[in-house]
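Quick note, my numbering runs 1 ahead of the 1-based positions in the sequence shown. What follows is a short report on a single structure.
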Amino acid sequence: VPFWLGVLGIIPGWYLKRHGKEHPVPAVHEEEDISPTHGGVFTRQSSSRLSDTFTLSNIRALISMAFVGAVSAATYYIVFIWLAVFMESLCDPPVPHAFAINSVSGFSGIFIQFFGGWVADQATAKSRNQNGGRKAWIRIMAISAITLAVTAPPFLATIGATSNPYIALLSQLVMGTILSMYSGCMLPWMIDTFPPAVRMTSMGVGYNISVSIFGGFAPAMATLLVDKVSDAAPGYVVTITGMLSVLGLCLGLGLKGNIVVDDDEGCVEITEGGAVITEVEGVVNNTRPIT
Numbered sequence: 002v003p004f005w006l007g008v009l010g011i012i013p014g015w016y017l018k019r020h021g022k023e024h025p026v027p028a029v030h031e032e033e034d035i036s037p038t039h040g041g042v043f044t045r046q047s048s049s050r051l052s053d054t055f056t057l058s059n060i061r062a063l064i065s066m067a068f069v070g071a072v073s074a075a076t077y078y079i080v081f082i083w084l085a086v087f088m089e090s091l092c093d094p095p096v097p098h099a100f101a102i103n104s105v106s107g108f109s110g111i112f113i114q115f116f117g118g119w120v121a122d123q124a125t126a127k128s129r130n131q132n133g134g135r136k137a138w139i140r141i142m143a144i145s146a147i148t149l150a151v152t153a154p155p156f157l158a159t160i161g162a163t164s165n166p167y168i169a170l171l172s173q174l175v176m177g178t179i180l181s182m183y184s185g186c187m188l189p190w191m192i193d194t195f196p197p198a199v200r201m202t203s204m205g206v207g208y209n210i211s212v213s214i215f216g217g218f219a220p221a222m223a224t225l226l227v228d229k230v231s232d233a234a235p236g237y238v239v240t241i242t243g244m245l246s247v248l249g250l251c252l253g254l255g256l257k258g259n260i261v262v263d264d265d266e267g268c269v270e271i272t273e274g275g276a277v278i279t280e281v282e283g284v285v286n287n288t289r290p291i292t
């Protein structure tokens, strides 16, 4: 049933197609694009976007993306997928109404995600002339990842020790809120990291590698740890992935694709080197420095 509900994703897709504003990428040489490395120029090596994704000039950004997605994937799968099984079957005594608690937390997560997006928007608005808010996104992501890494073990230990449904619900909501702040900034960070020529492919490959490895194995590791170590031990999965994500952010420092924003003059493409290209009514103007 949850997978079939994914069909509802057609609605926002249809809305964006009908009412969304397209931002054309300013023209560059046919075989070149703005790149986060190698002097700001990404040279296409083949006609395949997938092959170009794994070129030397893009590999650092790809590895950074895979690490940055680690804490998001692991925390989601542990807190919103595995935790219900933990409360129902692994806690002694079990937490009453475990799956109802998980359902309430999951439904609340819809609105919590809006909060995460709002945080990212505020960071962008306040740092508009500083690489589209990239520094602010990295700062928020690093703080959120470290907070999850530190708090996940005691949260899980408290749930296991008390079996109190209210504490369990509060713990899920708090961790979900922190995760939303991380995810809200992670999405624009992903877009801003890769050059347009391979942006969607790079994001898809890097993110799905992260989800497959860190998210896919997180429930199994959590079950093993709670059985062999303690109720707090599954939180160490979040701790480790949190540190990996901080490492990924460090690895990504200095990377810069380009990102489109709006200003009063029209569509603006912020590029490597601190210059912008403005397009108004389909006419590309000369570059000007960011002020």
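Where a beta carbon is used, it is the ideal one built from N, C-alpha and C, also for glycine. For clarity, every value in this text was computed on a predicted model and none was experimentally measured.
Mark residue i as exposed unless 16 or more other C-beta atoms lie within 10 angstroms of its C-beta, in which case mark it buried.
| i | result |
| --- | --- |
| Met201 | exposed |
| Asp228 | exposed |
| Trp5 | exposed |
| Leu296 | Lying before the first or after the last residue shown, residue 296 is absent from the chain, which here runs from 2 to 292. |
| Ile160 | buried |
| Leu9 | exposed |
| Val80 | buried |
| Ile113 | buried |
| Ala146 | buried |
| Val284 | Here Val284 scores only 36 on pLDDT, less than 50, and its place in the model should not be relied on; the value that follows carries that caveat. Its Cβ having fewer than 16 others within 10 Å, Val284 is exposed. |
| Pro189 | buried |
| His20 | exposed |
| Gly110 | buried |
| Gly253 | buried |
For residue i, which residues of its own chain have a beta-carbon under 6 Å away from its beta-carbon, when the five flanking residues on both sides are left out?
| i | result |
| --- | --- |
| Gly185 | Gly117, Gly118, Val120 and Ala121 |
| Arg135 | Asp193 |
| Leu248 | Phe68 |
| Trp83 | Pro220 and Ala223 |
| Ala99 | Ala85, Met88 and Glu89 |
| Leu245 | Phe68 and Ala71 |
| Gly236 | Ala153, Pro154 and Leu157 |
How is residue i classed by DSSP in three states: helix, strand or coil?
| i | result |
| --- | --- |
| Leu248 | helix |
| Ser145 | helix |
| His20 | helix |
| Lys257 | coil |
| Pro97 | coil |
| Cys186 | helix |
| Asn165 | coil |
| Arg53 | The identity of residue 53 in the sequence shown is Asp, whereas the question assumes Arg. Residue state, collapsed to three classes: helix. |
| Asp232 | coil |
| Phe4 | coil |
| Pro155 | helix |
| Pro196 | coil |
So, for residue i: in the same chain, excluding its five sequence neighbours on each side, which residues have a beta-carbon less than 7 Å away from its beta-carbon?
| i | result |
| --- | --- |
| Leu250 | Val69, Ile139, Met142 and Ala143 |
| Ser73 | Leu180, Tyr183, Ser184 and Met187 |
| Thr148 | Ile179 |
Here's a check: name, in chain order, each residue in its chain whose Cβ is nearer than 8 Å to the Cβ of residue i, leaving out the five neighbours to either side.
| i | result |
| --- | --- |
| Asn103 | Phe81, Leu84, Ala85, Met88 and Gln173 |
| Ala162 | Asp232 |
Q) Are there three or more Cβ pairs, one per stretch, closer than 8 Å when the stretch 219-235 is compared with the stretch 56-69? A) Contact between the stretch 219-235 and the stretch 56-69 is absent, because fewer than three Cβ pairs lie under 8 Å.
Q) Is there contact between the stretch 237-255 and the stretch 48-55, where contact requires at least three CB pairs shorter than 8 Å? A) no
Q | contact_flag[the stretch 84-91, the stretch 204-214] where n(CB pairs < 8 Å) is 3 or more | A | Under the Cβ criterion (8 Å, minimum of three pairs), the stretch 84-91 does not count as touching the stretch 204-214.
Q | Segment contact, 8 Å Cβ cut-off, at least three pairs: the stretch 147-154 with the stretch 209-220 | A | no
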